[in-house]
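K.L.:
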Amino acid sequence: MRKTWIKRDNIYHKPLYKQKFKFTLFLVVLMGISFFIYQLVYISQLLTLESNHVVHETHLLKLNPITSISLDGHEVDNLQGRFGKHTQEQNYKSRNKTNSILNISEEISFVYPKKIGNAERHIFRGIRVVDLHRYSVNKGVKNFRCFTSLREIPWEWVNDDYCDCPDDGSDEPSTSACPRGRFYCKFQMRHKTGRGKDVFISSGRVNDGICDCCDGSDEWLTRRSTGPSHLCGDECKTEY
405 MRKTWIKRDN
415 IYHKPLYKQK
425 FKFTLFLVVL
435 MGISFFIYQL
445 VYISQLLTLE
455 SNHVVHETHL
465 LKLNPITSIS
475 LDGHEVDNLQ
485 GRFGKHTQEQ
495 NYKSRNKTNS
505 ILNISEEISF
515 VYPKKIGNAE
525 RHIFRGIRVV
535 DLHRYSVNKG
545 VKNFRCFTSL
555 REIPWEWVND
565 DYCDCPDDGS
575 DEPSTSACPR
585 GRFYCKFQMR
595 HKTGRGKDVF
605 ISSGRVNDGI
615 CDCCDGSDEW
625 LTRRSTGPSH
635 LCGDECKTEY
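Sequential numbering from 405 applies to the sequence shown in the working numbering.
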């Protein structure tokens, strides 16, 4: 009887762990397909979020409550109620025109003089001295940048009574336009070592006729309209 030699691999099934090359190749292909599917899902979600964000910003711009404040006559005219909704381009032009009429600058009492070192600086009402550099118009800095969102807006939109930085209200330090804004009182009690907590109130309580800051600095517009007889008294404690 003639003997026939047969390879051992053809008789017994080769275990899976011995098929290293095929198994590794299968894992690489599977990971590649999974990564590709993940990227497609992520990009589709990102595009959806961006489109929703653009639609939301456009909706806000259409509902822009442009207000015109006359500090001499103390009248507030809501242009949205008269003229209805504006397009984004019309809002931009209207706000720039309104701000040019208002002349949002040092002449409108949005600022007050403060001596810092040997120089006298004009500081926006409601900000901290440590944030002064963020509100200073320097060479090369064309726009104001929101503290939290880092969104850039024209300097003319600062203190225009419309909230462009809703996360922190940093563009409206002197007005009550932003619900989340903070108005820092002019008087900040500090220990001789320089330590102390910042004293602030909600921006919604600015110029509401009630003195919230001990020095009455939160009622700067009310002061102008009612006269010296209605000034808030200085009840600040200078010592701990």
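Glycine included, each C-beta is placed from N, C-alpha and C at the ideal position.
Residue 640: which of 523, 571, 594 sits nearest, CA to CA?
P.N.:
Closest by alpha carbon: 594.
K.L.:
Smallest Cα separation from residue 614: which of 623, 607, 606?
P.N.:
It is 623 whose Cα lies nearest to the Cα of residue 614.
K.L.:
Count the other CB atoms, across all protein chains shown, that sit within 10 Å of the CB of residue 528; report buried if there are 16 or more and exposed otherwise.
P.N.:
Buried, by the Cβ-count rule.
K.L.:
How many angstroms separate the CA atom of residue 683 from the CA atom of residue 446?
P.N.:
As displayed, the chain neither begins before 405 nor continues past 644, which places residue 683 out of reach and without an answer.
K.L.:
Output the boundary residues of the beta strand (DSSP E) element that contains residue 556.
P.N.:
Segment 556–558, the beta strand (DSSP E) holding residue 556.
K.L.:
If you draw a straight line from the C-alpha of residue 586 to the C-alpha of residue 436, how long is it?
P.N.:
Those two C-alpha atoms are separated by around 50 Å.
K.L.:
Can you give the beta carbon distance from residue 569 to residue 553, rounded, assuming they're within the 8 Å contact cut?
P.N.:
About 6 Å; that satisfies the 8 Å criterion.
K.L.:
Tell me where the beta strand (DSSP E) around residue 396 begins and ends.
P.N.:
What is shown of the chain runs 405 to 644, which leaves residue 396 out entirely.
K.L.:
Going by DSSP, which residues form a beta bridge with residue 516?
P.N.:
Note: residue 516 sits in a beta bridge opposite 527.
K.L.:
Quick one: what does DSSP say residue 566 is sitting in, helix, strand or coil?
P.N.:
Residue state, collapsed to three classes: coil.
K.L.:
Classify residue 486 as helix, strand or coil using the three-state DSSP reduction.
P.N.:
Because residue 486 carries a pLDDT of 39, less than 50, the predicted location of this residue cannot be relied on, and no value is offered for it.
K.L.:
Can you list, in chain order, the residues of its chain whose CB lies under 8 Å from that of residue 602, leaving out five sequence neighbours each side?
P.N.:
Correct list, in chain order: 532, 588, 592.
K.L.:
To the nearest angstrom, how far is the alpha carbon of residue 548 from that of residue 616?
P.N.:
The alpha-carbon atoms of residue 548 and residue 616 are separated by roughly 28 Å.
K.L.:
Spatial neighbours of residue 524 within its chain, please: CB distance less than 6 Å, with the 5 preceding and 5 following residues excluded, ordered by chain position.
P.N.:
Result list for residue 524: 517, in chain order.
K.L.:
With DSSP collapsed to three states, give me the class of residue 549.
P.N.:
DSSP places residue 549 in strand when its eight states are reduced to three.
K.L.:
Going by DSSP in three states, residue 591 sits in which element: helix, strand or coil?
P.N.:
Coil.
K.L.:
Count the other C-beta atoms from every protein chain shown that fall within 10 angstroms of the C-beta of residue 577, then say buried if there are 16 or more, exposed otherwise.
P.N.:
Label assigned to residue 577: buried.
K.L.:
Quick one, are the C-beta atoms of residue 582 and residue 621 less than 8 Å apart?
P.N.:
No.
K.L.:
So, at 8 Å on beta carbons, what are the nonlocal neighbours of residue 514 in its own chain, with the 5 sequence-adjacent residues on each side left out?
P.N.:
Only 508, 528, 529, 563, 578 meet the Cβ criterion.
K.L.:
Taking the straight line between their C-alpha atoms, what separation do you get for residue 611 and residue 636?
P.N.:
Residue 611 and residue 636: Cα-Cα distance of roughly 12 Å.
K.L.:
Helix, strand or coil for residue 538? Go by DSSP, reduced to three states.
P.N.:
Residue state, collapsed to three classes: helix.
K.L.:
If we count the other Cβ atoms within 10 Å of its Cβ and call it buried at 16 or more, is residue 605 buried or exposed?
P.N.:
Classification of residue 605: buried, given that the 10 Å Cβ count is 16 or more.
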